[in-house]
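Peer 1:
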Amino acid sequence: MQNSYNLTFTSATRPFQMLLKCAGCVVFGLFLISCSSIPSARREITMSDETPQPIRYSMIFIIHGDGDYLYHDAGGQAHLADKAALAGAIEVAEQNRRAEVFIFHQNPRRHAWLFFPRHDGTCYHYREGRLLAKESYWRNRGKTRFQPEVELYSRYHQGASPPEAKLLLYFGHQIPEFGGAGYDASSPGRVFTIDDFAGGLKQIKSDSVKLDLIVLSTCYNGTPYTVAALAPYARYIIASPGNLHRSYFDLQRLENLDRELQDGDMAALAKNFARQAFDKLTEDIQTAVTVAVYDVDSVRGYLNSVGSAYEQTLTALSGKKPGSVEHLDCAEDPAYARPGMSEGVDIFYRPPRFGRLKNKQSHSGWGCWSLPRQSP
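Per the working numbering, the sequence shown starts with residue 42, numbered consecutively.
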């Protein structure tokens with residue numbers, strides 16, 4: 042009787058043991074994939090007998106999605122700002138047949154089977170309107186913040202001659218000017234500041250030719266410090282000195298660069314882009330809306346005149362959380378107010394529909410930190 046029981050028990054458990062072995066193989070395979078330093082890639086190439094057209098435009102989109110990017114439009118419809126920005130960037134890439142476009146989507150860190158980390162970045166490479174490569178990558182596998190993106194750009198970038206126009210667009214929360222811990226919600230110990238961003242631009246640019254346009258679709262980065270940090274790498278900068286409430290700049294103006302840049306006028310494109318972004322934002326936002334275009338060469342005098350005062354402010358704010366400090370128009374602070382401070386700045390401004398600033402009819406185009414100053 043005992044032998045019969047053992048035989049029956051062994052036969053009954055054999056399928057379960059096989060299932061455990063199979064599950065173990067799957068888990069082990071996931072472990073190997075997750076620990077591999079070689080990113081998984083899917084490369085899509087359409088071969089053609091036609092000679093490739095020379096590239097006229099280069100665009101790089103960096104879209105931060107590792108944070109709270111949920112917002113609601115005027116109709117109450119919920120949106121994820123990073124996903125909307127990604128869709129817009131893909132549309133731009135597909136519509137421009139004379140462009141090379143890189144899109145880097147920075148995702149939250151997640152785990153497979155609760156234990157094994159998954160790639161937290163996705164790179165899209167477009168050329169002549171076609172997706173040539175889509176690759177997942179690790180965002181934390183580099184000595185610097187943007188080393189993974191720089192390496193992917195260097196690997197896939199094509200073309201020996203420089204393009205006629207080079208644009209870089211960043212979508213995310215305010216890039217911190219001090220502190221910087223907690224910018225990535227899933228990796229709160231990772232630090233990110235505007236100086237890290239500038240370092241990434243230096244690596245991506247890699248030559249003496251400046252980017253023609255940098256667009257910061259973020260809150261509160263239209264400041265003297267941020268513009269000064271990016272000035273070595275750009276001719277024009279578009280940013281907001283105010284709050285965008287997770288609503289990003291509209292990208293429609295970039296969907297046909299052959300039309301928008303037919304005269305090669307980057308200043309006109311920057312102004313038209315900012316105007317359309319402003320018009321779109323004012324449809325959905327009841328608070329103040331400010332979008333500014335900075336001509337880098339024309340604003341250097343103002344940046345030099347307030348640089349020391351701004352550095353002192355950042356030193357005084359050391360140890361504070363950026364979200365706990367208020368912002369103001371630099372023209373309202375004697376430390377930063379200067380005659381002609383708005384020269385070289387094209388400003389699109391609408392006051393809030395309510396509140397104490399609803400009657401404020403103008404803006405200098407520069408945002409500063411509101412630091413209480415001691416009386417002499």
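Quick reminder that beta carbons are idealized off the backbone N, C-alpha and C, glycines included.
According to the Cβ coordinates, are Tyr35 and Ala125 closer than 8 Å?
Peer 2: Since the first residue of the chain shown is 42 and the last is 417, residue 35 is not available in this structure.
Peer 1: Could you tell me the alpha carbon to alpha carbon distance between Ala372 and Tyr261, rounded to whole angstroms?
Peer 2: Near 15 Å, if we compare the C-alpha coordinates of Tyr261 and Ala372.
Peer 1: Which of the three DSSP states, helix, strand or coil, is assigned to Tyr266?
Peer 2: DSSP places Tyr266 in helix when its eight states are reduced to three.
Peer 1: Under a Cβ-count criterion, where at least 16 other Cβ atoms within 10 Å of its own Cβ denotes burial, should Asn137 be classed as buried or exposed?
Peer 2: So Asn137 ends up on the buried side.
Peer 1: Under 8 Å: do the stretch 179 to 196 and the stretch 237 to 247 share three or more Cβ pairs, one atom per stretch?
Peer 2: Yes, the stretch 179 to 196 is in contact with the stretch 237 to 247.
Peer 1: Quick check: what's the CA-CA separation for His120 versus His113?
Peer 2: So the alpha carbons of these two residues sit roughly 6 Å apart.
Peer 1: Considering only heavy atoms of the ligand MN, does any lie closer than 7 Å to the CB of Ile101?
Peer 2: In the structure shown, the ligand MN is absent, as is every other ligand, since no ligand is present at all.
Peer 1: Per DSSP, Leu121 is paired with what?
Peer 2: BP columns for Leu121 point to Leu111.
Peer 1: CB Ser411 to CB Met382, shorter than 8 Å?
Peer 2: Cβ distance not < 8 Å, so Ser411 and Met382 don't count as in contact.
Peer 1: So, for Gly263: in the same chain, excluding its five sequence neighbours on each side, which residues have a beta-carbon less than 6 Å away from its beta-carbon?
Peer 2: Cβ neighbours of Gly263 beyond the five flanking positions: Ala280, Ser281, Pro282, Ala333, Gly408.
Peer 1: Taking the beta carbon of Asp299 as the centre, do at least 16 other beta carbons fall within 10 Å, making it buried, or is it exposed?
Peer 2: Classification for Asp299: exposed.
Peer 1: Please confirm whether Leu398 has its beta-carbon closer than 8 Å to some beta-carbon of chain D.
Peer 2: The structure shown contains no chain D, having only a single protein chain.
Peer 1: In this structure, how does DSSP classify Met100 when only helix, strand and coil are distinguished?
Peer 2: Strand.
Peer 1: What are the boundary residues of the alpha helix (DSSP H) that Phe238 is part of?
Peer 2: Where Phe238 is concerned, the enclosing alpha helix (DSSP H) stretches over 235 to 246.
Peer 1: DSSP has Lys207 in a bridge; who is on the other side?
Peer 2: For Lys207, which the question treats as bridged, DSSP gives the partners Ser99.
Peer 1: Within 10 Å of its beta-carbon, does Glu352 have 16 or more other beta-carbons around it, so buried, or fewer, so exposed?
Peer 2: Exposed, by the Cβ-count rule.
Peer 1: Name the one or two DSSP bridge partners that Gln147 has.
Peer 2: Paired residues: His105, Gly162.
Peer 1: At what residues does the beta strand (DSSP E) containing Ser349 begin and finish?
Peer 2: Element bounds for Ser349: not the beta strand (DSSP E) but the alpha helix (DSSP H), 337 to 357.
Peer 1: According to DSSP, simplified to helix, strand and coil, what is Cys371?
Peer 2: Looking at Cys371 - three-state DSSP - the assignment turns out to be helix.
Peer 1: How would you write the range of the alpha helix (DSSP H) that Asp320 sits in, first residue to last?
Peer 2: Segment 307 to 325, the alpha helix (DSSP H) holding Asp320.
Peer 1: Within the same chain, show all residues whose beta-carbon is closer than 6 Å to that of Val256, passing over the 5 residues directly before and after it, in chain order.
Peer 2: Around Val256: Leu210, Ile279.
Peer 1: Going along the chain, which residues of its own chain have a beta-carbon closer than 6 Å to the beta-carbon of Tyr224, five neighbours each way excluded?
Peer 2: For Tyr224, where only same-chain residues beyond five positions count, the Cβ hits under 6 Å are Phe233.
Peer 1: Run through DSSP, which three-state label would Arg171 get?
Peer 2: Strand at Arg171.
Peer 1: Could you tell me the boundaries of the beta strand (DSSP E) in which Tyr277 lies?
Peer 2: Unbroken beta strand (DSSP E) run through Tyr277: 275 to 280.
Peer 1: Closest to Gln199 by CA distance: which of Arg139, Arg276, Asp320, Lys362 is it?
Peer 2: Here the closest residue by C-alpha is Arg139.
Peer 1: Going along the chain, which residues of its own chain have a beta-carbon closer than 6 Å to the beta-carbon of Ile103, five neighbours each way excluded?
Peer 2: Contacts found: Phe145, Tyr211.
Peer 1: Who are the Cβ neighbours of Pro265 in its own chain at under 8 Å, not counting the five residues just before and after it?
Peer 2: These residues qualify, in order along the chain: Tyr343, Leu344, Val347, Gly348, Tyr351, Cys371, Tyr377, Trp407, Cys409.
Peer 1: Could you tell me the distance, in whole angstroms, from the CA atom of Ala206 to the CA atom of Arg397?
Peer 2: Going from the Cα of Ala206 to the Cα of Arg397 covers about 42 Å.
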